[in-house]
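Residue numbers (my numbering): 45 to 166.
Listed below in structure tokens is the structure:
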């Protein structure tokens with residue numbers, strides 16, 4: 045059988061590995077270099093497992109209010125003895141998250157909405 049390549053034509057694509065130009069952990073080293081290169085270009089989009097995400101004060105406050113909104117929804121369900129309920133009024137939720145509605149007002153809106161939806165189902 046004849047070879048398609050002349051004797052000196054064929055060059056391995058992984059010549060760095062074959063020639064020993066890479067260290068003991070070549071993939072780790074290559075990954076580190078790639079991460080450094082891409083972090084310069086796409087810095088805020090890359091995830092670093094060891095680093096912690098840092099958000100602006102405004103975003104941190106919104107996230108905390110979103111968690112609190114979930115607790116308020118859960119409290120409404122407990123108060124009405126509901127095992128589960130889907131609140132589909134995202135306007136109230138958004139106003140609360142953005143700080144345009146206080147806790148008591150949001151609770152009142154959620155309670156009213158849940159009672160209306162329960163009445164509609166009966």
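We treat Cβ as the ideally placed atom computed from N, Cα and C, and that holds for glycine.
Only a predicted model underlies this, so the values are computations on that prediction, with no experimental measurement involved.
List the whole-angstrom C-beta distance separating residue i from residue j, where the pair is believed to meet the contact cut-off of C-beta under 8 Å.
i, j, result
"residue 163", "residue 141", "Actually they do not touch by this definition, with Cβ atoms about 27 Å apart."
"residue 134", "residue 158", "Going by Cβ atoms, the distance from residue 134 to residue 158 rounds to 15 Å, so no, they are not a contact pair."
Does DSSP put residue i in a helix, in a strand, or in coil?
i, result
"residue 128", "coil"
"residue 144", "coil"
"residue 100", "coil"
"residue 166", "coil"
"residue 114", "helix"
Count the other C-beta atoms from every protein chain shown that fall within 10 angstroms of the C-beta of residue i, then say buried if there are 16 or more, exposed otherwise.
i, result
"residue 148", "exposed"
"residue 17", "With the chain covering 45 to 166 only, the question about residue 17 has no answer from this structure."
Take residue i as the anchor and find which of the options has the nearest alpha-carbon.
i, options, result
"residue 119", "75, 152 and 139", "152"
"residue 102", "150, 155 and 143", "143"
"residue 137", "124, 75, 165 and 108", "108"
"residue 126", "75, 161 and 76", "161"
"residue 115", "104, 78 and 154", "154"
Could you tell me whether the Cβ atoms of residue i and residue j are closer together than 8 Å?
i, j, result
"residue 99", "residue 117", "no"
If you measure from the beta carbon of residue i to each beta carbon in chain B, is any gap under 8 Å?
i, result
"residue 148", "Included in the structure is just one protein chain, with no chain B present."
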